[in-house]
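S.K.: If you're matching positions, the sequence shown starts at 1 in full-length UniProt numbering and goes up one per residue.
Next up is a structure, given as structure tokens.
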Amino acid sequence: MDFSTYFLMDEVAVAQYAREKIDKFNGNQLSVTEIGDGNLNYVFRVSDGEQSVIIKHSGVTARISDEFVLSTDRTIREGRLIEAHSRYVPDQLPEIISIDLVMKCVVMEDLKDYAILRTALQQGDICPHLGKSLGHYLSETLIRTSDFVLPAKEKKSLQKEMINPELCEITEDLVYTEPFYNNFSRNEISSELELFVEKYIYGDASLKAAVAQAKLKFLNKAESLIHGDLHSGSIFIKKDGLKVIDPEFGFFGPAGYDVGNVIAHLFFAYANAQASGREEQAIWLKSVVDEILATFREEALTILTENTYDIALRDTALFAAFITEIERDAYIVAGLELIRRIVGLAKVSDITQLHAERVNTEKKLLTFAKFLIQHPDKVRIYSSLFKIYEAGEEQ
Ligand code: SR1
Ligand code: MG
Numbered sequence: 001m002d003f004s005t006y007f008l009m010d011e012v013a014v015a016q017y018a019r020e021k022i023d024k025f026n027g028n029q030l031s032v033t034e035i036g037d038g039n040l041n042y043v044f045r046v047s048d049g050e051q052s053v054i055i056k057h058s059g060v061t062a063r064i065s066d067e068f069v070l071s072t073d074r075t076i077r078e079g080r081l082i083e084a085h086s087r088y089v090p091d092q093l094p095e096i097i098s099i100d101l102v103m104k105c106v107v108m109e110d111l112k113d114y115a116i117l118r119t120a121l122q123q124g125d126i127c128p129h130l131g132k133s134l135g136h137y138l139s140e141t142l143i144r145t146s147d148f149v150l151p152a153k154e155k156k157s158l159q160k161e162m163i164n165p166e167l168c169e170i171t172e173d174l175v176y177t178e179p180f181y182n183n184f185s186r187n188e189i190s191s192e193l194e195l196f197v198e199k200y201i202y203g204d205a206s207l208k209a210a211v212a213q214a215k216l217k218f219l220n221k222a223e224s225l226i227h228g229d230l231h232s233g234s235i236f237i238k239k240d241g242l243k244v245i246d247p248e249f250g251f252f253g254p255a256g257y258d259v260g261n262v263i264a265h266l267f268f269a270y271a272n273a274q275a276s277g278r279e280e281q282a283i284w285l286k287s288v289v290d291e292i293l294a295t296f297r298e299e300a301l302t303i304l305t306e307n308t309y310d311i312a313l314r315d316t317a318l319f320a321a322f323i324t325e326i327e328r329d330a331y332i333v334a335g336l337e338l339i340r341r342i343v344g345l346a347k348v349s350d351i352t353q354l355h356a357e358r359v360n361t362e363k364k365l366l367t368f369a370k371f372l373i374q375h376p377d378k379v380r381i382y383s384s385l386f387k388i389y390e391a392g393e394e395q
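In structure tokens form, the structure reads like this:
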């Protein structure tokens, strides 16, 4: 096989690639398994029985559907983004071993000692460090890549490298547009949910007006280098740490996008725990969301206070306003993410695996999501986001 021209590799090709290109395998006998469960790319685990690596590789269309035709460079960008974020949180990202510009693949550390957060949560796991670890990841990656800390020219040069129009377009369509209109074929709801969605989502003009404002922000606000798809399948955990993977949707966008995504997926996990009778875990999940937000706020303020390099931006009131605005954006994004995963393409198993409780859970989450999108400024009246969720009605 010739690896000097791009082709879409299968397991056999990846084995030969690894034998030829990865020093530590040195021509050894290798086993290769495709283990990806994402929507876009292929993920191969390569092992010689003792050591293993992950090879992430992209095709010319998305794995989920050929209707998404995408540049294979997305994997290169993803590798570079992991390297960029690794400057701040090296322990919370996989080590990048090599990036192949021709074969459009990234060789990285195999996180075999870690579990996927979504799977672990569905199995009932409790992971005490989760809130602090995620708050730390979010503050380090989002605040240190903002204009306060990253020198303007450096930020603009990284922005050029991280520009991501194709995958941003997927987000613009799937998160900010399609779930709010009944004429998109990629939306899919059960017949029991139809009337509710027709009336309260497709039929709500003021909701659409709030979403329009949020979409404009996503299109315009080049605030921080964001992950862009921070759901519980992109987070790997173990007893004493976590690693964040898969930032293929990353670009310089609104910092609140990542914070809001994490919150939404913890609500999915909470709803799953509640519907499945895992009360202790549900109580713990509430504290995780509070801890993420508290840690984010505290660490963001410290980073801004200690590292704002531009004298003209060194203003305590500005720091506080900046963080408050990120939180506000995050509430709105959490609402959008909840709606798009219930109404639009790319559902989450936390919800699809529910049976009798599914429709009521979906309605409750949709009602909560609408509140977040339409009334982000009212959130601070409540001691916790869960109080709003539990209230269960439009406020
Ligand atoms: C076509 S990709 C569908 C979704 O999967 C990813 O997880 C992103 O959230 C994207 O919107
Ligand atoms: Mg992904």
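Ideal Cβ placement from N, Cα and C applies to all residues, glycine included.
Every value quoted in this text rests on a predicted model; they were computed, and no experiment measured them.
How big is the Cα-Cα spacing for F7 and H57?
M.R.: 10 Å
S.K.: For the ligand MG, is there a heavy atom less than 7 Å away from the beta-carbon of L40?
M.R.: yes
S.K.: Applying the 10 Å Cβ sphere with the 16-neighbour rule, what's the burial state of V102?
M.R.: exposed
S.K.: In chain order, what residues of the same chain have a beta carbon less than 7 Å from the beta carbon of I342, not counting five sequence neighbours either side?
M.R.: I351, E362, L365 and L366
S.K.: Please report how far the alpha carbon of P376 lies from the alpha carbon of S206, in whole angstroms.
M.R.: 14 Å
S.K.: Tell me, please, which residues DSSP counts as bridged to Y42.
M.R.: Secondary-structure assignment with DSSP links Y42 through a beta bridge to H57.
S.K.: If you draw a straight line from the alpha carbon of I292 to that of G27, how long is it in whole angstroms?
M.R.: 45 Å
S.K.: Check whether the Cβ of G172 lies closer than 7 Å to any heavy atom of the ligand MG, and answer yes or no.
M.R.: What sits at residue 172 in the sequence shown is Glu, not Gly. Answer for E172: no, Cβ out of range of the ligand MG.
S.K.: Please state whether the Cβ-Cβ distance between V46 and L70 is less than 8 Å.
M.R.: no
S.K.: So what does DSSP say about Q395, is it helix, strand or coil?
M.R.: Any reading at Q395 must be qualified, since the residue scores a pLDDT of 47, below 50, and its modelled position is unreliable; no value is offered.
S.K.: Name the DSSP beta bridge partners of G253, please?
M.R.: S224
S.K.: Does I332 come within less than 8 Å of chain D when only Cβ atoms are used?
M.R.: Of the chains in the structure shown, none is chain D; there is only one protein chain.
S.K.: Per DSSP, what kind of secondary structure is A300 in: helix, strand or coil?
M.R.: Here A300 sits in helix by DSSP.
S.K.: Does Q395 pass the burial test, meaning 16 or more other C-beta atoms within 10 Å, or should it be called exposed?
M.R.: Model confidence at Q395 stands at a pLDDT of 47, short of 50, so the residue's coordinates are unreliable; what they give is reported in the following sentence. With fewer than 16 other Cβ atoms inside 10 Å of its own Cβ, Q395 counts as exposed.
S.K.: Would you identify the three-state DSSP class for S47, choosing helix, strand or coil?
M.R.: Secondary structure at S47: strand, using DSSP grouped into helix, strand and coil.
S.K.: For P151, collect the residues of the same chain with a Cβ closer than 7 Å to its Cβ; drop the 5 residues on either side in sequence, then sort them by chain order.
M.R.: Y309
S.K.: Which first and last residues belong to the beta strand (DSSP E) in which D23 is found?
M.R.: Element bounds for D23: n/a, residue is neither H nor E.
S.K.: From the DSSP output, in three-state form, read off T72 for me.
M.R.: Looking at T72 - three-state DSSP - the assignment turns out to be coil, as it is neither helix nor strand.
S.K.: Let me check one thing: in DSSP terms, what residues is S52 bridge-paired to?
M.R.: S47
S.K.: Of the choices Y17, G38, V32 and A18, whose alpha-carbon is the least far from that of K347?
M.R.: G38
S.K.: Just list the residues that DSSP pairs residue 411 with in beta bridges.
M.R.: Residue 411 falls outside the range modelled here, since the chain spans only 1 to 395, and no answer is possible.
S.K.: Whose C-beta lies closer than 7 Å to the C-beta of D178 among residues of the same chain, with five residues either side of it excluded?
M.R.: Looking at the sequence shown, residue 178 is not Asp but Glu. Result list for E178: F184, R186, N187 and G344, in chain order.
S.K.: Report yes if the CB atom of I263 is closer than 8 Å to the CB atom of A330, and no otherwise.
M.R.: yes
S.K.: Could you check where the alpha helix (DSSP H) with M162 kicks off and where it finishes?
M.R.: Counted as a single uninterrupted DSSP element, the alpha helix (DSSP H) harbouring M162 occupies residues A152 to M162.
S.K.: Less than 8 Å between the C-beta atoms of R278 and G392, yes or no?
M.R.: no
S.K.: Nearer than 7 Å: is that true of the beta carbon of S232 relative to any heavy atom of the ligand MG?
M.R.: Set against 7 Å, the gap from the CB of S232 to the closest heavy atom of the ligand MG is not smaller.
S.K.: I want to check one thing, is the minimum distance from the CB of E280 to the heavy atoms of the ligand MG below 7 Å?
M.R.: no
S.K.: Is the beta carbon of D91 within less than 7 Å of some heavy atom of the ligand SR1?
M.R.: no
S.K.: Anyone know if the C-beta pair for Y114 and I35 falls short of 8 Å?
M.R.: no
S.K.: Expressed to the nearest angstrom, what Euclidean distance is found between the alpha-carbon atoms of D147 and A214?
M.R.: 21 Å
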